[in-house]
Amino acid sequence: PADQHARSPNPQLLVLNLKFLTAIIEKWSSVTSFLKDNYHNFDRKLRPDASEILTCLKSSVFIAHVHLLREIFKTLNAFLEKTTGSLSPACYTVIDELKATATLITNQISLGPSLVPVLHELQERTGFFQGMAVTQDFDIETFHIIAEDVCRCVSQQVLQVASQCSESLLKFSVLDPKNWPEDSDKHFGAYGIETIRELSNEMHSLLPEKPISDIILEWCSYKFFVTRSLAGCLRKDFINLAATVVSRFSVVYPTICTFLTAAALLSPSCKVTCKGFEELCVIKESRKNVLTDDTLWQTMVINVNGAPLEQWDPEPVVDLWLKTSLRRPNNRTSTKHALDTCNKQETPQVDNSALLQGCQVVVITGELCDLPMVCSGDGSC
Numbered sequence: 030p031a032d033q034h035a036r037s038p039n040p041q042l043l044v045l046n047l048k049f050l051t052a053i054i055e056k057w058s059s060v061t062s063f064l065k066d067n068y069h070n071f072d073r074k075l076r077p078d079a080s081e082i083l084t085c086l087k088s089s090v091f092i093a094h095v096h097l098l099r100e101i102f103k104t105l106n107a108f109l110e111k112t113t114g115s116l117s118p119a120c121y122t123v124i125d126e127l128k129a130t131a132t133l134i135t136n137q138i139s140l141g142p143s144l145v146p147v148l149h150e151l152q153e154r155t156g157f158f159q160g161m162a163v164t165q166d167f168d169i170e171t172f173h174i175i176a177e178d179v180c181r182c183v184s185q186q187v188l189q190v191a192s193q194c195s196e197s198l199l200k201f202s203v204l205d206p207k208n209w210p211e212d213s214d215k216h217f218g219a220y221g222i223e224t225i226r227e228l229s230n231e232m233h234s235l236l237p238e239k240p241i242s243d244i245i246l247e248w249c250s251y252k253f254f255v256t257r258s259l260a261g262c263l264r265k266d267f268i269n270l271a272a273t274v275v276s277r278f279s280v281v282y283p284t285i286c287t288f289l290t291a292a293a294l295l296s297p298s299c300k301v302t303c304k305g306f307e308e309l310c311v312i313k314e315s316r317k318n319v320l321t322d323d324t325l326w327q328t329m330v331i332n333v334n335g336a337p338l339e340q341w342d343p344e345p346v347v348d349l350w351l352k353t354s355l356r357r358p359n360n361r362t363s364t365k366h367a368l369d370t371c372n373k374q375e376t377p378q379v380d381n382s383a384l385l386q387g388c389q390v391v392v393i394t395g396e397l398c399d400l401p402m403v404c405s406g407d408g409s410c
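Heads up, the sequence shown is in our numbering, so the first residue is 30 and it goes up one at a time.
Right, here's the structure in full:
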């Protein structure tokens with residue numbers, strides 16, 4: 030109680046969390062039985078505190094309120110796990126998640142599946158709860174009034190956090206390919222231009238000095254590059270997409286990469302942020318890669334209509350790429366076989382028929398270009 034803390038010479042605040050509330054509920058009967066059976070064995074100085082705790086534990090109102098608090102904390106914990114786990118969503122979704130959590134707390138906590146059986150058992154007024162004698166002072170109408178008030182207060186706090194978030198977070202949604210229109214080229218071409226213009230004004234001090242028209246052209250070029258050149262699985266994972274584009278194409282898309290960096294690093298998940306940094310380090314530390322950051326993306330095979338993708342073997346393509354010297358020999362590779370192959374003076378004959386068997390279109394690019402080189406099945410380009 031507040032007055033008790035006010036009278037105490039050394040007031041202490043009790044910090045609640047889901048684990049603590051769950052422990053109270055799961056160990057309620059054991060703690061109650063222990064205090065009841067061992068009350069007379071306690072030191073006389075401890076008996077008043079033990080009596081007060083026992084009275085509180087045996088109160089049906091206390092039992093109902095503890096279960097209510099646990100349901101609220103479970104909802105908050107679900108939001109926390111969703112936004113800070115290893116599979117954290119993009120930062121722009123956090124505001125929507127906060128609003129959804131606030132709505133859930135307001136509308137569904139009092140009638141939650143875990144709370145209803147408890148309320149029914151207490152409402153029966155049998156004098157017992159889970160086999161233990163309890164008081165019969167529980168009133169369902171009073172409880173609902175208190176529960177609605179508590180849930181409304183918590184919901185308002187969550188909404189306040191959402192209102193304090195920058196509106197720029199929502200604008201970052203334009204960078205996620207999952208939100209791009211697919212109905213027509215007209216809508217796709219115009220999509221996001223106004224938002225990119227707003228972000229450019231808000232983040233002007235962080236961006237390269239260039240006219241807004243150049244930034245818009247960069248944005249349009251970036252959209253077509255992502256949809257036509259990057260793998261579908263990458264387009265569905267915004268965090269990995271941001272890390273890949275920033276690490277490999279920052280020279281081509283400097284402004285967009287600044288936006289992507291901000292959107293990725295503003296993730297509420299420390300795990301996701303650390304994962305992004307680790308991926309950047311692995312890509313940039315070329316000694317850890319047989320195919321380095323400046324060559325990995327250059328070996329691309331598009332529209333392989335032969336075996337399913339999961340059964341497709343990339344080794345022949347990589348081997349052909351190395352043997353035909355599409356790039357200079359890579360002396361930094363850690364694989365001895367690849368190093369020996371690169372250092373050979375002569376170029377062995379390669380049977381392309383096996384490589385292209387079952388494929389209608391194969392695209393292998395040596396350097397990044399605006400339009401990829403398309404080769405037909407007979408090898409002509």
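Just so you know, even glycine gets a beta-carbon here, dropped at the ideal spot from N, CA and C.
Quick one: what does DSSP say Ala260 is sitting in, helix, strand or coil?
Of the three classes helix, strand and coil, the one that applies to Ala260 here is coil, per DSSP.
Flag this pair as touching only if the stretch 118-135 and the stretch 43-53 have three or more C-beta atom pairs under 8 angstroms; answer yes or no.
no
Report buried or exposed for Ile82, applying the criterion of at least 16 other Cβ atoms within 10 angstroms of its Cβ.
exposed
Segment limits, alpha helix (DSSP H) that includes Arg226
222-231
Relative to the C-alpha of Pro237, which residue among Ile124, His96, Val281 is closest?
Val281
Would Asn136 pass as an interface residue toward chain B - the criterion being a Cβ-Cβ separation below 7 angstroms?
As a matter of chain content, chain B is missing from the structure shown, which is built from one protein chain.
Between Thr132, Ile222, Ala291, which has its C-alpha nearest Val187's C-alpha?
Thr132
Contact the stretch 82-91 vs the stretch 53-64: 3+ CB pairs below 8 angstroms
yes
DSSP has Phe254 in a bridge; who is on the other side?
Note: Phe254 sits in no beta bridge, so no partner.
Which residue comes first and which comes last in the alpha helix (DSSP H) that contains Ala271?
267-278
Alpha-carbon to alpha-carbon, Ala260 and Ile225:
24 angstroms
Would you kindly report the start and end of the unbroken alpha helix (DSSP H) that includes Asp125?
From DSSP, the alpha helix (DSSP H) with Asp125 extends over 123-137.
Please report the residue range of the alpha helix (DSSP H) in which Trp57 lies.
57-66
Determine whether the beta carbon atoms of Leu199 and Cys120 lie at a separation below 7 angstroms.
no
Distance check for Glu100 and Arg76, CA to CA, integer angstroms please.
32 angstroms
Counting C-beta neighbours from all protein chains within 10 Å, is the total for Tyr251 16 or more, i.e. buried, or is it exposed?
Result: buried.
What would DSSP say about Phe71, mapped onto helix, strand or coil?
Of the three classes helix, strand and coil, the one that applies to Phe71 here is coil, per DSSP.
Need the endpoints of the alpha helix (DSSP H) that Pro146 sits in, please.
Note, Pro146: alpha helix (DSSP H), 145-152.
Per DSSP, which residues does Ala162 bridge with? Please list them.
Phe157
Confirm, please, whether the CB-CB distance from Val95 to Asp166 is below 7 angstroms.
no
Rounded straight-line distance, which links the Cα of Lys111 to that of Ser58
32 angstroms
Just curious, the alpha helix (DSSP H) that Val203 is in, first and last residue?
From DSSP, Val203 is part of no alpha helix (DSSP H); its letter is neither H nor E.
Let me check understanding here. Comparing Cα to Cα, which of Ala176, Glu247, Ser202, Arg257 lies closest to Ile124?
Ser202
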